[in-house]
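In the numbering used here, the protein residues as written are 4 to 257. Don't be surprised by glycine CBs; every beta carbon is placed ideally from N, CA and C. Notes follow once the structure below has been shown.
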């Protein structure tokens with residue numbers, strides 16, 4: 004009976020607010036029944052939920068009819084958050100939805116720190132948050148952004164490859180840039196991959212097939228150099244334990 008009465012009151016208040024758009028929310032902001040007793044967070048992976056709530060300024064007891072603009076602006080100022088919305092769920096819940104900035108790789112800046120494709124260094128502790136990313140370069144210890152052009156190019160290429168072939172990049176431990184293209188150091192199979200910068204899906208398909216073959220053929224302790232810079236072929240060299248590979252030749256000019 005009490006539940007039915009509460010629902011009836013809620014329906015009446017919402018109807019009043021909806022039929023009076025100019026004054027309804029202003030009045031409802033002062034109704035104690037709409038004081039938030041629960042705050043939910045969606046979309047957080049790099050940040051803990053309590054960090055998101057703290058960044059927003061939302062507090063238990065805030066009215067769900069409060070204009071969320073200030074909360075959302077505070078969230079967007081956080082260096083890890085790309086976008087945010089605060090939604091109301093009646094009668095007494097506020098839900099914070101965030102979109103985090105996407106890290107492309109680690110840079111060594113005193114410690115390993117995740118950086119985006121555009122060079123933003125995110126204040127995230129990889130010891131606390133399990134982030135599986137390759138290493139892509141270095142930056143000053145106190146930097147908040149990568150300035151080095153070569154490292155920026157590596158970050159952009161790492162992000163592009165992660166979009167094009169996430170399974171491939173999940174096995175890459177380090178990405179480097181060379182005059183001849185991109186150099187990927189893989190953990191499984193243990194291989195060094197030479198790839199032209201900007202390589203498209205046909206070349207990545209060939210590379211996947213070559214790596215699968217290497218995985219089958221590579222002996223214990225061995226490693227491989229997989230050169231996928233050539234126009235119509237992938238050159239594979241299997242290297243026995245203890246051997247040093249010769250420098251890979253530059254691909255022919257076209």
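- Here residue 136 is near residue 117, since their CB atoms are less than 8 Å apart.
- Residue burial is scored here from C-beta neighbours: residue 37 has at least 16 other C-beta atoms within 10 angstroms and is therefore classed as buried.
- Fewer than three beta-carbon pairs drawn from the region 214-225 and the region 175-184 are found closer than 8 Å, and the two stretches are therefore not classed as touching.
- Spanning the alpha carbons of residue 172 and residue 234 requires a straight line of approximately 22 Å.
- Residue 188 is bridged by DSSP to 177 and 195.
- For residue 230 against residue 197, the beta-carbon gap comes to about 5 Å, under 8 Å, which counts as contact.
- Positions of the alpha helix (DSSP H) runs, each at least 4 residues long and wholly inside the region 44-104, are given as 52-59 and 72-79 in order along the chain.
- For the options 127, 62, 68 and 80, the alpha carbon positioned closest to that of residue 48 is the one of 127.
- Contact annotation: residue 112 and residue 133 have beta-carbon atoms that are not nearer than 8 Å.
- Inter-residue distance for residue 50 and residue 123 is about 16 Å (C-alpha atoms, whole angstroms).
- In the three-state scheme derived from DSSP, where H, G and I count as helix and E and B as strand, residue 230 is classed as strand.
- Contact annotation, residue 100 with residue 45: C-beta distance approximately 5 Å; criterion of less than 8 Å satisfied.
- A Cβ-Cβ contact shorter than 8 Å links residue 158 with residue 107.
- In summary, residue 65 is buried, with 16 or more beta-carbon neighbours lying within 10 Å of its beta-carbon over all protein chains present.
- Cβ-Cβ separation between residue 87 and residue 75: approximately 5 Å, consistent with a contact (criterion under 8 Å).
- Under the DSSP assignment, residue 108 falls in the beta strand (DSSP E) whose first and last residues are 106-112.
- In the three-state scheme derived from DSSP, where H, G and I count as helix and E and B as strand, residue 208 is classed as helix.
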